[in-house]
Each structure stands twice: as structure tokens, then as C-alpha cells.
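Chains as they are written, first to last, in my numbering: chain D, 41 to 356; chain Y, 214 to 735; chain V, 5 to 322.
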């Protein structure tokens, strides 16, 4: 016994290390890329602690400690925009995840090949519409030419419902933006879930049908558990970005319309507007660094929570 | 000369060549009649906005043939589209890219770049170039100096820039309104359009105008400031770049040497204007979506005949809208209205004569002699026309004395490199009304130079307050400019927000700087 | 037994194991009435499809509608009066052919690079190797949060790597997306462990397992990754704006962005030609969107082919 273990052990160890080297080689190109293109430029983060001067460049500018961070916190608007950022991102994340999951589950129920492919394609395309065009269409729906009422208000008029001036009603906008986000991302997210669903063989569903399970039950007990790890990862990733506002979409739609700022102004749009002309590179870097650090804290917490709930599916 | 030069020898040769280049350049500078110095070489890279015109390569080749013969170097242009120009040009300066010139302006990042020593001081260079000096009026140069230094070549196509109304003359004629010379008649026109035309909004406002509707940018009046039009020399407004907050100065007080900046909401004329805008919004005189509608969309709607008037400025482009407008409304015509209360020359509005666009030279790797040689070269009519309009006969044809008729779709952003008031040609579809206004705007004598004409506020000491204030203005003042909210309640919100965003800091700093400026002027 | 034959047997084994968990083999079930969830699904999918389709239809219809009508109404559901003006503008004189070639190169080369690096890195993370996978996870995640910004990237690409004016300056900075790496990790972790263990016991090395077992089984996720990456590369214009100055090398999206920006501002440029002053801005924006989405129309069916059920099992019989 002793001899056979010793005989095989070195062979297994060599096999193991050969395998590991092979795996390391697999990972190497990716690692090199990260080092060069992701970690290399990160050295530029030092500018967050400097009084940046165009002539001196990043590394020649003088240090100024935490001065750049003061601007954001001393403005008095900080609590509101931080709350807006987190709230809007949480809404967007929850809505797009729920929409993606439900759409994937329901697309799975569509029998016809052509119908299903058509459905998949149609819900996927909104992702590619640029924010400016979204803004134009939204204006056609909510404001109309001349701004006195668009398609939606015409529709409400038919039912004698109140027709507010949407572009001066801040309260409605978190919901309007969420709907836009679901439109944009629902299909995109569902594709990710669909890839996981396709690995479930049809026989499994047939067998469950014989067992008397309704499709809803099957979706709940067979499909969803297999999608939970993916859902978990998407949520964790989304939580990490919760401090980064969706600048492109929000700025294209809200622009400089101050009446909507109480509910739609997020960190990124606020910083963009303030520093548009002043152009202070140090301050923008400082705020970006702050967003990254907070996101890091959030994501660490989220990973820990996920490990508690579902250790197998945890990312770490 | 030996054909085999050792590397060290070559470098030494390069060194002496550079030395002689430097000497050559200064020698050239000393003799004003020299044109055709061949001591410059290489390519002058200009950062320009917009995109390369169609047929650019042909035009550039022809241009460079002449440029190389005259000065020994060639032009190369890098175009960055307008939407990204501000960010990209700042990035190029920040990252130390190698280029000679770029378009910059106060509304871009010129103040910041100058303070951080990224621009070359051009004050003493202009005189060396004869054609350039001839084309730049002395008032223009004087007004564009910041504390006595010139940091960019001003690119202007008129002396004064006055924003005004471009209205549908065909509609005015329909209501029997002959010529509109004062604000009351203009208002009558607006209300006539509202009452008599369904589906046409009297006046178009778009999201990029903001303060221009109520506050005169650095000079004459806010668009709807009726009292201001009657008296365009009383108040002068200026701001710290990036703060959004305009301070009003009483010209009479400035003349006595008193620096007393008041925030714009303490200027009764401006508050009256805000109330008027609010009334227009409620009465449907202006479109209700001004805050969000971008200018291209509004322009498209104006050209489709949906508006009775739109914003214009005295830069010769107001008639451009007529081309598409006449497709939608065949008998449409435009008129430029400046409601001074009399003829055009009845008032001499305040002006700073500061250029909205300047060509700056990169201090970090730009060749100032090459840059200015290029500026000098395009100050000659044929060269200017070649680059600005294309190849004569193929891309454009001259009309009349100083007109241009575009034959192809060549379109060059002249204000980024070669605008010269006396060389610019008028587009062939310029209306008579606009010609009259544009001619009036060419003469420096038609304007009053503001006391603070060459004063550029330095925002560095109050950088953070300026950034905070910008947010307050965008949030609370923008709705006021478009009349979407009740004036009094919004003003009180604006005042309290401004107070906590550093109003007093900005006001005191402005008073200090203006005081110093006035004292220095004597 | 060859490894390939072994895989087939293992695949069958995989099916057996899954089915065993549910039920022993039974006779084929008779046809059932469509149940409530299925019906609901059809309804919901139809509604959501309409929700997505209507704005898309507005865009397509708008791109064919004459500018003055579009500007007057603000939107269009039916292209009347019909106008090809925007498409004419886009297809003539903008060097679109060069743009297509550039975008094609960037997309094909970029997707190939991205796919290989993403899959291989994701596999190493998914394997949960002690001392390697966890640090790699954190290593790959941090750049999702922390970024040095535009200026350091610009300096890196132009001055350190000297890639200015090269298509690789567009491909390389966006080559790996941590988000997609982790999506791939999640998928890899769900592959049945037993199949892999059996192959290893049989002597197949790690690399062999990856290339000959894992990748064939991962066609759906590779299709998804390929699709997402291809779409990102096809639509990328900002990197090109930063690094490419030669207009003949502009990718398609940058040409379109420039055109839109130019036309939007052209009317206010003096000396504008009559054609420019009357450019159909409204219509052009919609036409541009159509041109952007159209290639996806071609790419998506390719990816959808891999979304066929049961692909992972019985794929390599015989």
C-alpha cells in the first residue's frame, strides 16, 4: 500500500503541476492585457491628489492632498445626488434583472421556432439605439412638437385623465427612466439567461410534465434554480457599479433641464455640468476614485452576502 | 559636402541648422516686407472642429503647393466633430500631443489653458507678419488682449456681434406690419401670429440658448429685454467662466471707477425680462419644450415652417435657414429685426469686441513661427478663398462684389482658422435685410466699447465656488430663462441656493478683480 | 478507448444522471392542453415585443419620411411623404466603403482576440484552483470599478505603445470586458463536474479538457460572448475618435457620428452650401440608427443558431 502510493504520488503531482502550468498559460494573455491596459493607466489615479496643471502633466503637477475631494462634499448637494444615484441604479438593476429573467423564462415557453427567434430579435434591438434618438422619441411621446403635449397626453385626453407637463414634473422621472432602461436592457439581459436555459435538455421538461407539473411549476423548480448563479453574478456586478450613474442615457434625456434635477441628477451628470468649462482634471479624477472606492465596499458586502446564501454559485 | 556624415556629425549639423533656423526666423521677422521665408519646414498640424469637407484632399494639395513655395512647410488638419471637440481638444493639450494650433475660446477651455501656461504669448509676434497685421483691426487686437497679452489670433467676421430676431417676413406682411423697429411692434407681431395662425408658434427657443434669452452675453441686451433694446449701453454683464452666474454692472458707475457687481436677479431690467418670458410661455408665444429641445431639432422645425421667428446673431448665417424653409413654405422670406426703437444706427450697443473664436498656439511642442506664417498666408484673399470655399469654379463661384455661391458641398470651418472680416464672402442667398444688418455690424464705429471690454475674470481663486454655482444656475435659473416656472417663487429658491453655493465669495472676488482692472486702466 | 469515444459515453452518462434525478424512463406523454403559464408567456412576450417594436418602427419609418413632415409632427409611423434624402447623404461621398472595411477588420479580429482571451481566462477562474482562481477573480474585477481615465489611456496608447492611427488602437483598449468574463465564469461553473473528472482520470491534461470537452459544450455561451463583443466592436467610435486621425481609416460608426455632428451644426456655419443648409438632420439621426442596427440583424441569427436546445448533449455522436 505504502509503496503504491509513493509510486503514484510523484506521477500525480507532476501531472497536477503540468496541468496547472497549462492553465496558467491559458490565463496569461488575459492577465497581460489587464496589466497593460487596465492597471497601467490606473497609475494616473494619482492626479486625484494633485493640483493638475496642463503644462506639468500628471506626474509633474504638485500634490494637494485631499483638496480635490472637498469640492464634492462641500457643495451641499452631495446627499441628494448620492441618494439619486443609488436609488436610480437600484431601480434600474432590479427592473432589468427581473425583466431579463422573466423574458428568458417566457421565451423558453414559446414553441414555434420562428416566433421565438423573432421575439428574441425584436427585444434585443433596443439596446443599440443611441441615447440621443431615445431622447427624441421620448420627447415625441411626452412633449410633442412645441412642448404642449405629445402622444401620451393625447392618449390620456381620450380618457379625460390629467395631462401633466412631463418635462417639468420631477416625481415621474425615476419611473420613466426605469421604463426606458427596461426597454433598453430587457432583451440584452435575457440573452444571457437564455444561453444558460438552452443547456437544459427538453427531456427534463417532458419528464416533469409526465409527473403532472405545470409549466409554471417547471419554470420555478427546474429553470430558475439553474439561472440563480448567473442572476447572482449579474446582481453582484451591478451592485459594484451602483455608485456610477448612467450618464449617457440620463444626460441625453434630461440634459440641462433643471426642473428635473431633484430626482434625476446623479453624481456623473452633476460633475459633468460643474466641471464642463472649468475642466479640472484633478477633481473629476477624485470624484471617480471616490465612486470606485464606495463601489468596492458595496461589492465586497454583496459577495459576502452571496456566499452566505449560495456558496456554490458565489463568484469568489 | 561629404556624403558620409557620422551620426554625431549629423546631430551637430542638426544643431547648427536649428540655430540658423532660429536666427533666420528672427531675421525674417525684422524685415517686414519679406514674404517667402524658406526657413520653416515640416507640417503644421491644426486641430479643427467639424469634419473634413468633401474634396478636402484635392483642395489641401493645391493649398499646400502654394504654401510650401511661400513658406516651406505644409498644412495638415485634424478634424474632430463638434460634439466631442471641447473634450478632445482639451485632452490633446493635457496629454501633450504635438500640434501647432487649435481652435479655442472662453466658452471652451481657453482661460484654463492660458493660466496653466499651455498657450504661446503672441503679443510680439503679430507685428512680424505683414498680411496678418493688415487684416486684424487694431481695435480687435486691443480688445482681445488679456492684461496686455494676446493669447490667440481672434477669428471674427464682423466687428460687433449682436443677437437679434430672425422673423418670417411673409407672415409680417400678411398682417400689414411693414417694418419692425421697436419691441412693441415685435410683440404685436408675435401675438398676431399666435392668434391668426394655428400650428405656428411665434418664436422658437432651444435648449442651448439659456441665459441669452434674458441676459446680454458680454455686451448688449438679452433677447427679450425690451427696455434694454431701447437703452443698450446702460448695463454690462460678465461672469467667471464656468460659474454660469452673470453679474450686472452699471456702466455709469464703472465710468467713475466703482466696481459694484450685482447678481443678475438684482438687475430690475433682467427681472422684468424674466417676467416677460414667463408671460410668453403662458401665452404660447414661445414653445414650451425649449428646455429640452436641442437646436438642430428646433432649426429643423423652423425650416418646416412651424415657427414665426428664431434666434439669430450678426454673423451672416441667418439666411441659411431660408433654403430649406422655402421648400416647405414657397413664399417664405426672412427679416432681421433689432428693435432699437429706430433705425439700425440709432443706437450704439455696448460691445467687448472679444472674439468668440481664437486660434491658439500650443506652447508644448507647437511651432509659433509656422503657426503665424500660416495665419499670415491665409490673410491673402486667394489663399483664404481656396481654403475657405474650395477650388474656384468647381466648388464655388464668386457673385457680385464679395459674394460666394457654393457649387459643391465643400464646407470648411473657417472660424477655426481663417476668418478675416474684410476677406469673408457673403453667401449668395443672404437676404437684403441680413446684408444691411451684417454691413452695419462690420463697422467698429457703430458700437460703444464697454469699460470692461478687455477684462477677463480669473476663475482660479474661486474655482470650487464657481463649479458649485454652475449647478445652482443650471438647476434654478434655467427654468426661469425659459419661463416654465413662476418667477417670484423660483427667484427666491435661486437666491437661497446661490447664497449657500458661494455667492458672496464670487461677488467679492469679482469686485476685487474689477476694481484692480479699473485702477490699472486709470 | 479513444478520448472522443469516451466523451460520447460521458455525454450519455450526463443525460442519464439528469434524468435519473427526475424520473425513470416512461412512455411518451400524450399531447396536453397549453397551460396557463404558456399562455401568459405568449401574451407577455407579444406585449413586450410591441413595446420594443413600436419605437423601432418609428425610427425606421422616420428614416424614410421627408424632413419637413418629420419636423412638423415630431414623429412618423408611416413614411409619407417618402424620402431617401438621408440615405442618399449617408451613402454618397462619405467614404462609407472604407468605413465598412475598417469596421469589418476591427470586428473580426477584435472578436477573435476577445473570445479566446475571455474564454481561457474565465475557465481558469471557474476551475477554482486554490491560490490562483481567487486572486484572478479579484484581479479581473478591480478594473470594473477603478479606472485611470482618459488621459493615462491616451498617453499609453499614443506614446508608450505607439499605436496611433492603427486599428489595433481601437481593438486593444476594449478587448476584455470583465462583465463578460464573469458571465462566462458563471456558465463554466455549471458544466457537470463528473464529465470533466472522468476525462481527467482517463489521462486527459487540463488543456485537452478545455479545448476538447469544455469548448464544444460551451457553444451557447461562446455565441453570446461573440455576439456581445462583435456588437461592441462594430459600434465602437470613441476609441477611433481618440486615436485615429487618418479619415480613410475611420470605422463606420465614427464616420456616422461625424456626419451627424457636422450636419447638426452645419446650418450655422457661414458659407454653407445650399445643400448643407437644408440637410435633413431629423431624418439623418433615424437613418443612422437604422444603419447601425441593420448589421446586427445579420449577426444575430448566426448567434441564435447556437441557442438550440440540448446542444450540450449528444453533440458529437458517431
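Think of the CB as a built atom: it goes at the ideal place given N, C-alpha and C, for glycine as much as any other residue.
**Request:** Flag residue 91 of chain V as yes if its beta-carbon sits less than 9 Å from any beta-carbon of chain Y, otherwise no.
**Result:** One-based indexing of the third chain puts residue 91 of chain V at position 87. No, residue 91 of chain V lies away from the interface with chain Y (no Cβ there is under 9 Å from its Cβ).
**Prompt:** Near residue 231 of chain Y, what residues of its chain come up, given a Cβ to Cβ distance below 6 Å and the 5 sequence neighbours on each side ignored?
**Reply:** On the second chain, position 18 is the one that residue 231 of chain Y refers to. Confidence in residue 231 of chain Y is poor, its pLDDT being 33 and thus under 50, which makes the residue's placement unreliable; the coordinate value appears in the next sentence. Taken in chain order, the list of residues that qualify is empty.
**Message:** Taking the alpha helix (DSSP H) that residue 107 of chain V belongs to, which residues open and close that run?
**Reply:** Taking the third chain and counting its residues from 1, the one referred to as residue 107 of chain V is at position 103. Per DSSP, the unbroken alpha helix (DSSP H) holding residue 107 of chain V starts and ends at 100-130.
**Asked** Which residue's Cα is closest to the Cα of residue 301 of chain Y: Y:284, Y:576, Y:279 and Y:261?
**Response** For this step, residue 301 of chain Y is matched to residue 88 along the second chain. For the residues Y:284, Y:576, Y:279 and Y:261, the minimum Cα distance to residue 301 of chain Y belongs to Y:261.
**Item:** Spatially closest choice to residue 561 of chain Y from Y:256, Y:662, Y:712 and Y:683, by CA coordinates
**Value:** Here residue 561 of chain Y refers to the residue found at position 348 of the second chain. It is Y:662.
**Request:** Compare the C-beta of residue 50 of chain D with all C-beta atoms of chain V and state if any pair is closer than 9 Å.
**Result:** In the first chain, the residue the question calls residue 50 of chain D occupies position 10. At residue 50 of chain D the pLDDT is 49, less than 50, meaning the model places this residue with poor confidence and gives no usable figure here.
**Asked** Which residue or residues does DSSP assign as beta-bridge partners of residue 97 of chain D?
**Response** As a first step, residue 97 of chain D is located in the first chain; it is residue number 57 there, counting from the start. According to DSSP, which records beta bridges pairwise, residue 97 of chain D is partnered with D:93.
**Asked** Between the stretch 71-84 of chain V and the stretch 216-227 of chain V, do three or more beta carbon pairs fall short of 8 Å?
**Response** no
**Limits of the beta strand (DSSP E) - the one that residue 641 of chain Y falls within** = Start at 1 with the first residue of the second chain, and residue 641 of chain Y comes out as number 428. Segment: none, residue 641 of chain Y is in no beta strand (DSSP E) and carries neither H nor E.
**Min CB distance residue 174 of chain D to chain Y below 9 Å** = If you number the first chain from 1, residue 174 of chain D lands on position 134. Any Cβ of chain Y closer than 9 Å to the Cβ of residue 174 of chain D would place that residue at the interface, and such an atom is absent.
**Asked** Is the CB-CB distance between residue 296 of chain D and residue 296 of chain Y below 9 Å?
**Response** In the first chain, residue 296 of chain D corresponds to position 256, counting from 1. In the second chain, residue 296 of chain Y corresponds to position 83, counting from 1. For residue 296 of chain D and residue 296 of chain Y, no; Cβs fall outside 9 Å.
**Asked** Under 9 Å between the Cβ atoms of residue 323 of chain D and residue 315 of chain D?
**Response** Translated into positions along the first chain, residue 323 of chain D becomes position 283. Translated into positions along the first chain, residue 315 of chain D becomes position 275. Going by C-beta atoms, residue 323 of chain D is nearer than 9 Å to residue 315 of chain D.
**Message:** If you follow the beta strand (DSSP E) that residue 381 of chain Y is in, where does it begin and where does it stop?
**Reply:** Residue numbering aside, residue 381 of chain Y sits at position 168 when the second chain is read from its first letter. Its beta strand (DSSP E) spans residues 376-381.
**Request:** Measuring only between beta-carbons, confirm whether residue 238 of chain Y sits less than 9 Å from chain D.
**Result:** Looking up residue 238 of chain Y in the second chain gives position 25. Caution is warranted here: a pLDDT of 33 is assigned to residue 238 of chain Y, below 50, making its placement in the model unreliable, and no coordinate value can be reported.
**Asked** Along the chain, where does the beta strand (DSSP E) that runs through residue 192 of chain V open and close?
**Response** The residue labelled residue 192 of chain V in the question sits at position 188 within the third chain. Taken as a continuous stretch (DSSP letters only), residue 192 of chain V belongs to no beta strand (DSSP E), being part of the alpha helix (DSSP H) at 182-193.
**Request:** Return the CA-CA distance between residue 198 of chain D and residue 222 of chain D, expressed in angstroms with no decimal places.
**Result:** Taking the first chain and counting its residues from 1, the one referred to as residue 198 of chain D is at position 158. Taking the first chain and counting its residues from 1, the one referred to as residue 222 of chain D is at position 182. Looking at the backbone, the Cα of residue 198 of chain D and that of residue 222 of chain D are separated by about 27 Å.
**For residue 489 of chain Y and residue 444 of chain Y, the rounded distance between their alpha carbons** = As a working mapping, residue 444 of chain Y is identified with position 231 in the second chain. As a working mapping, residue 489 of chain Y is identified with position 276 in the second chain. For residue 444 of chain Y and residue 489 of chain Y, the distance between alpha carbons rounds to 17 Å.
**Item:** Sequence-distant residues of its chain with Cβ nearer than 7 Å to residue 244 of chain Y (five each side left out)
**Value:** Position 31 of the second chain, counted from the start, is the residue given in the question as residue 244 of chain Y. Confidence is the limiting factor: at residue 244 of chain Y the pLDDT is only 36, short of 50, which leaves the residue's position unreliable, though a coordinate-based value still follows. Sequence-distant partners of residue 244 of chain Y (beyond 5 residues in either direction) whose C-beta falls short of 7 Å from its own C-beta are missing from its chain.
**Amino acids of chain D, ordered along the chain, whose beta-carbon sits closer than 7 Å to that of residue 296 of chain V** = Taking the first residue of the third chain as 1, we reach residue 296 of chain V at position 292. Chain D residues near residue 296 of chain V: 168.
**Range of the contiguous beta strand (DSSP E) that encloses residue 618 of chain Y** = Indexing the second chain from 1 puts residue 618 of chain Y at position 405. Where residue 618 of chain Y is concerned, the enclosing beta strand (DSSP E) stretches over 616-619.
**Asked** Since residue 494 of chain Y contacts residue 695 of chain Y with CB under 8 Å, what's their CB separation in whole angstroms?
**Response** As a position in the second chain, residue 494 of chain Y is number 281, starting the count at 1. As a position in the second chain, residue 695 of chain Y is number 482, starting the count at 1. With a Cβ gap of about 7 Å, residue 494 of chain Y and residue 695 of chain Y count as contacting.
**Message:** Report the start-end ranges of each alpha helix (DSSP H) in the stretch 100-140 of chain D that is 4 residues or longer and not cut off at the edges.
**Reply:** 107-114
**Request:** Grab the span of the beta strand (DSSP E) containing residue 574 of chain Y for me, first residue to last.
**Result:** Along the second chain, one-based indexing puts residue 574 of chain Y at 361. In the DSSP assignment, residue 574 of chain Y falls within the beta strand (DSSP E) that extends over 571-574.
**Prompt:** Among residues of its own chain, excluding the 5 on either side of residue 578 of chain Y, which ones have a beta-carbon nearer than 6 Å to its beta-carbon?
**Reply:** Against the second chain, residue 578 of chain Y aligns to sequence position 365. Closer than 6 Å at Cβ, skipping near neighbours: 311.
**Request:** Using a Cβ-Cβ cut-off of less than 8 Å, list which residues of the stretch 195-213 of chain D approach chain Y; keep chain order.
**Result:** Answer in chain order: 205, 207 and 208.
**Request:** On a CA-only basis, which of Y:498, Y:531 and Y:428 is nearest residue 482 of chain Y? Give me that one, please.
**Result:** As a first step, residue 482 of chain Y must be located in the second chain, where it is residue number 269. Taking only the C-alpha atoms, the option nearest residue 482 of chain Y is Y:428.
**Message:** Strictly below 8 Å CB to CB, what residues from chain V border residue 540 of chain Y?
**Reply:** Locating residue 540 of chain Y in the second chain gives position 327, counting from the first residue. What residue 540 of chain Y touches in chain V: 72 and 282.
**Asked** What residues match up with residue 287 of chain Y in a beta bridge as DSSP calls it?
**Response** Within the second chain, the letter at position 74 stands for residue 287 of chain Y. DSSP, once it has assigned bridges, lists Y:256 as partnering residue 287 of chain Y.
**Prompt:** Looking only at its own chain, which residues have a Cβ that is under 8 Å from the Cβ of residue 215 of chain V, when we skip the five neighbours before and after it?
**Reply:** Within the third chain, the letter at position 211 stands for residue 215 of chain V. So no residue of the chain qualifies.
**Message:** Is residue 39 of chain V close to chain D? Criterion is C-beta to C-beta, closer than 9 Å.
**Reply:** Numbered from 1 along the third chain, position 35 holds the residue referred to as residue 39 of chain V. By this cut-off, residue 39 of chain V is an interface position.
**Prompt:** Short check: CB of residue 456 of chain Y to CB of residue 474 of chain Y, under 9 Å?
**Reply:** Position 243 of the second chain, counting from 1, holds the residue named residue 456 of chain Y. Position 261 of the second chain, counting from 1, holds the residue named residue 474 of chain Y. No, these two residues do not count as a Cβ contact at 9 Å.
**Item:** Classification of residue 305 of chain V by the beta-carbon crowding that lies within 10 angstroms, buried from 16 upward
**Value:** One-based indexing of the third chain puts residue 305 of chain V at position 301. Exposed is the call here.
**Asked** Are the C-beta atoms of residue 323 of chain D and some chain V residue less than 9 Å apart?
**Response** As a position in the first chain, residue 323 of chain D is number 283, starting the count at 1. No, residue 323 of chain D does not count as interfacial toward chain V.
**Message:** Please report the straight-line C-alpha distance between residue 15 of chain V and residue 199 of chain V, rounded to a whole angstrom.
**Reply:** Locating residue 15 of chain V in the third chain gives position 11, where the first residue counts as 1. Locating residue 199 of chain V in the third chain gives position 195, where the first residue counts as 1. Residue confidence is low: residue 15 of chain V scores 44 on pLDDT, short of 50, so the model does not pin down where it sits. No coordinate-derived value is stated.
**Prompt:** Within this structure, are the beta carbons of residue 227 of chain V and residue 308 of chain V separated by less than 9 Å?
**Reply:** Looking up residue 227 of chain V in the third chain gives position 223. Looking up residue 308 of chain V in the third chain gives position 304. Closer than 9 Å, so yes.
**Request:** Find out if the Cβ-Cβ distance for the pair residue 255 of chain D, residue 42 of chain V is shorter than 9 Å.
**Result:** What you label residue 255 of chain D is simply residue 215 of the first chain in a count that begins at 1. What you label residue 42 of chain V is simply residue 38 of the third chain in a count that begins at 1. Closer than 9 Å, so yes.
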